[in-house]
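**Student:** For reference, the structure I am asking about is given below.
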Amino acid sequence: MEDEVFAYGTQAVRQRTLRISTLQMRTVWFRLAEKKILLESDIIKAKTNGTLRRDAMFERIYSLKILMIFLLLAPISGKSSQQSDIENLFNAYPQTEVLILGTFHFKDAGLDSYKPEYDVDITSSKRQQELDLILKKLRQFKPDAIGLEFKPDQQEAMDEKFQQYLNGQFQLPANEIYQIGFRLASQLEHPKVFSVDARGRYYSDLSGLSQKQYQEIERKYVQRLREYSPDIKQWYPSFQKLYRYQDKLKVDLPLIEYFLVLNDPENIQRSQGIYLVDSFKLGLDKKQDYFGADMKTAWYNRNLRILQNIYRMIAETNAKRVFVLVGAGHLPILAHTVKSSPELKWIEVRSVLTN
């Protein structure tokens, strides 16, 4: 009888604590197991003394002890109920599913700080077969609209190129916008692709600086920072090693495996680190000098504008599911913003590419 009651109790605890964390669940389990040991100890004593009675009265007492355990656990279950109430305030609103695939540049233009040392011939037979597999997986996601990394002032030109491609009059260049974006949109019979990229906005006192002017100002700030903190850690070499390692992986791995590496949640979070160290600290030696932080503002602003363009695409198409293709460097901020929006649902790349 005691094992049956305990089994019933643990099942009830599981049902009542489905929404609490793993750590809380373990706490619940250990506390319940501890009480079971104490109850079994009482039973052993009763058997030893010859006083154990398997009658209705004993069963009631045993059940009462189990009930007392549940009363002890009630505060933990209460938190679960409160969290459920909070989530229900937002879950009732329909969400648009957003799948953002972070990519490397198939034909790198040399615009990023890291200059690739390894090249992938995306037009080769091997890579085209690998690309076909990725496109098959993306088709299964069935997006209603596709956003690509080109700017709004290029929309008209892209519309013309896409129509030419549909008519067999445009040969796709070795660029991810065309090799993935155009091909996927064509296979899904979409009428067009959408611009989601944007230029970041600097503070007014920084926006007019030429590259030479900025480099001179940065040089002075770097000198000041070194004098202020001679032993300050420089993270740039570490991130360059990371970029070089990932750069080599793209020629060693099949495309789909490499995309899984680029879009791994931990790698996404780690990649944002370069924007939060080194030059971010310029001005640290003087109070209320935020030169480093202000110079990073445009990068954050650009990604927020990309998010707004995603919203615009959704509004224009009434999409319930969208696919966005951007450089992997955009993922940290976009992942944070999409996951935080009550109107959007972040879809993990792994769930699509490994399905």
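Our numbering puts the sequence shown at residues 126 to 480. The beta carbon of each residue, even a glycine, is placed where N, CA and C say it ideally should be. It should be emphasised that the depicted structure is a prediction, and the values quoted were computed from it without experimental measurement.
Beta-carbon within less than 7 Å of I381's beta-carbon, same chain only, minus the 5 sequence neighbours each way: which residues are those?
**Tutor:** E255, L258, I259, L478
**Student:** Return yes when the Cβ of H461 is within less than 9 Å of the Cβ of G227, no when it is not.
**Tutor:** No; because the gap between Cβ atoms is not below 9 Å, this pair is not in contact.
**Student:** One question on the structure: do F231 and Q304 come within less than 9 Å of each other, judged by their Cβ atoms?
**Tutor:** yes
**Student:** Determine the contact status of L387 and F319, defining contact as a CB-CB distance below 9 Å.
**Tutor:** no
**Student:** Would you mind sorting G293 into buried or exposed? The rule is 16 or more other CB atoms within 10 Å of its CB.
**Tutor:** By the beta-carbon neighbour count (other beta carbons within 10 angstroms, threshold 16), G293 is exposed.
**Student:** Need the endpoints of the alpha helix (DSSP H) that W424 sits in, please.
**Tutor:** 416-442
**Student:** Apart from the five residues just before and just after E222, which ones in its own chain have a Cβ nearer than 6 Å to its Cβ?
**Tutor:** R446, K470, I472
**Student:** Can you give me the Cβ contacts of Y361 inside the same chain, cut-off strictly under 7 Å, excluding the 5 residues immediately before and after it?
**Tutor:** D403
**Student:** Among the candidates Y218, G408, L401, whose CA atom is the shortest distance from the CA of Y353?
**Tutor:** G408
**Student:** Does I169 come out as helix, strand or coil in the three-state DSSP assignment?
**Tutor:** Confidence is the limiting factor: at I169 the pLDDT is only 49, short of 50, which leaves the residue's position unreliable and the question unanswerable from this model.
**Student:** Report buried or exposed for V376, applying the criterion of at least 16 other Cβ atoms within 10 angstroms of its Cβ.
**Tutor:** exposed
**Student:** Helix, strand or coil for T462, going by three-state DSSP, please let me know.
**Tutor:** helix
**Student:** Can you tell me which of Q207, S206, P219, Y243 puts its alpha carbon nearest to the alpha carbon of L374?
**Tutor:** Y243
**Student:** Thinking C-alpha only, which one of S209, Y239, I225 is nearest S363?
**Tutor:** Y239
**Student:** For V451 and I271, what's the separation of their Cα atoms in angstroms?
**Tutor:** In a straight line, the C-alpha of V451 is about 11 Å away from that of I271.
**Student:** Can you tell which of Q220, I458, I211 has the C-alpha that lies nearest to the C-alpha of Q394?
**Tutor:** Answer by Cα proximity: I458.
**Student:** Classify F364 as helix, strand or coil using the three-state DSSP reduction.
**Tutor:** helix
**Student:** Less than 9 Å separating the beta-carbons of V463 and I435?
**Tutor:** yes
**Student:** For K358, which option in I399, P277, F295, K286 has the closest C-alpha, if you only look at C-alpha atoms?
**Tutor:** I399
**Student:** Based on DSSP bridge pairs, tell me the residues matched to L469.
**Tutor:** Its beta-bridge partners are T221.
**Student:** Look up G293 in the DSSP assignment and say whether it is helix, strand or coil.
**Tutor:** Note: G293 maps to coil in three-state DSSP.
**Student:** Would you list the one or two residues that DSSP bridges to R446?
**Tutor:** E222
**Student:** Could you check the C-alpha separation between L429 and D269 for me, to the nearest Å?
**Tutor:** 22 Å
**Student:** From N300, Q433, Y368, pick the residue whose C-alpha is nearest to that of P241; which is it?
**Tutor:** Y368
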